[in-house]
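For the sequence shown, full-length UniProt numbering begins at 1 and goes up steadily by one. See below for the structure under consideration.
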Amino acid sequence: MSESSRSVFSVLLDHVAQIDDGNGGVRTQAFLNACREVLPVVDKLGTGFTVVRIDVSGNIDRIHNRFVSSAAEYESVYAILEREVEKDEHTGNSGCTKGLLWLKRAMQFLVELLRILHQDKDASVSDAANAAYEKVLKPYHGWITSGVFWGALKLVPSRETLYANLGESPTMEQDMGAFVSQFHEVLSKIHDYMDSRGLNFPDKV
């Protein structure tokens with residue numbers, strides 16, 4: 001298949017395939033690369049998601065800056081978490097632990113939205129986005145943040161428009177399903193690790 005005919009999800013799958021380090025860990029650079037490649041998909045959800053994009057980009061940059069400060073030491077995202085726990089910096093709002101927590105949640109929201117669209121061909125983007133928000137993000141949002149997010153959800157495009165904006169590819173549906181499955185596995189692994197270390201903070205923002 002030529003590069004021009006590959007779907008956005010096919011490209012994402014290339015990045016996801018690099019994340020597992022073979023020892024149960026998550027490669028920092030590969031994970032961040034995958035998250036960056038997700039941003040164009042976020043863009044296709046409409047202007048209401050500009051704030052989400054800014055937040056995701058900020059958390060990617062925060063973790064990337066820590067990674068490049070000592071790439072060998074922080075090859076795994078778990079090493080970044082453990083160092084912050086060791087230095088008692090893991091509860092700070094400007095730290096990488098909170099940054100990874102919210103980056104993970106944002107990615108889980110998007111994966112859940114795509115999962116619904118992939119499995120239910122009758123679901124609108126609005127239906128999928130609302131269901132994903134209720135499941136993934138709403139438990140951690142206060143009423144002000146929820147209000148902002150509900151506003152964004154009202155601006156999502158139709159299913160037809162979203163798919164057209166993602167680009168025509170004969171394998172897009174198949175690639176989307178594979179991406180949802182494989183990236184969900186990565187995010188679940190990060191979630192479980194953070195949960196085991198008491199880092200899935202329930203605080204609302």
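The beta-carbon is built from N, C-alpha and C at its ideal position, and this holds for glycine as well.
Cβ distance (whole Å) where residue i is taken to contact residue j below 8 Å
i: Val186; j: Ile19; result: 5 Å
i: Ser126; j: Leu103; result: Not confirmed; about 24 Å, so no contact.
i: Leu81; j: His90; result: 7 Å
i: Asp21; j: Ser57; result: Going by Cβ atoms, the distance from Asp21 to Ser57 rounds to 25 Å, so no, they are not a contact pair.
i: Thr171; j: Ser69; result: Not confirmed; about 39 Å, so no contact.
i: Asp175; j: Ser5; result: Actually they do not touch by this definition, with Cβ atoms about 11 Å apart.
i: Cys96; j: Glu84; result: 6 Å
i: Glu168; j: Lys135; result: Glu168 to Lys135, Cβ: 30 Å. No contact.
i: Gly142; j: Val205; result: 6 Å
i: Ile190; j: Val51; result: Between Val51 and Ile190 the Cβ distance is about 23 Å, and since that is not below 8 Å, they are no contact.
Close Cβ partners of residue i (< 6 Å) along its chain, the five nearest in sequence each way excluded
i: Met1; result: Low per-residue confidence applies at Met1: pLDDT is 48, beneath 50, and the placement is therefore not dependable, though the value from the model is reported in the following sentence. Result list for Met1: empty, nothing under 6 Å.
i: residue 258; result: A question about residue 258 goes unanswered here, because the residues of the chain that appear run from 1 up to 205.
i: Leu45; result: Val156
i: Ala34; result: His15, Val16
i: Leu12; result: Glu37, Phe179
i: Arg115; result: Val180
i: Gly198; result: none
i: Asn200; result: Met194
Paired residues, beta bridge with residue i - DSSP
i: residue 206; result: In this structure the chain extends from 1 to 205, so residue 206 is not present and cannot be described.
Nearest candidate by alpha-carbon position, reference residue i, set the options
i: Asp55; options: Phe149, Gly198, Leu81, Asp120; result: Phe149
i: Ala106; options: Glu168, Arg36, Glu173, Asp195; result: Arg36
i: His184; options: Asp195, Gln108, Gly22, Gly198; result: Gln108
i: Asn165; options: Phe31, Glu84, Val205, Val42; result: Val42
i: Asp203; options: Glu160, Leu137, Met176, Ser188; result: Leu137
i: Asp61; options: Phe31, Thr50, Arg83, Glu134; result: Phe31
i: Arg159; options: Gly142, Trp143, Leu117; result: Leu117
i: Thr47; options: His191, Leu162, Gly198, Ile190; result: Leu162
i: Gln119; options: Asn93, Trp143, Glu173, Lys98; result: Glu173
i: Tyr140; options: Lys98, Ile63, Gly24; result: Lys98
Residues near residue i by beta carbon distance below 7 Å, same chain, minus five either side
i: Tyr193; result: Tyr78
i: Arg53; result: Leu39, Val42, Asp43
i: Asn130; result: Leu153
i: Tyr133; result: Phe109, Phe149, Leu153
Beta-carbon proximity list for residue i, same chain, < 8 Å, skipping 5 on both sides
i: Gly151; result: Gly48
i: Thr145; result: Lys204, Val205
Which full runs of the beta strand (DSSP E) of 3+ residues lie inside the UniProt domain "Glycolipid transfer protein" (26-167), going along the chain? none
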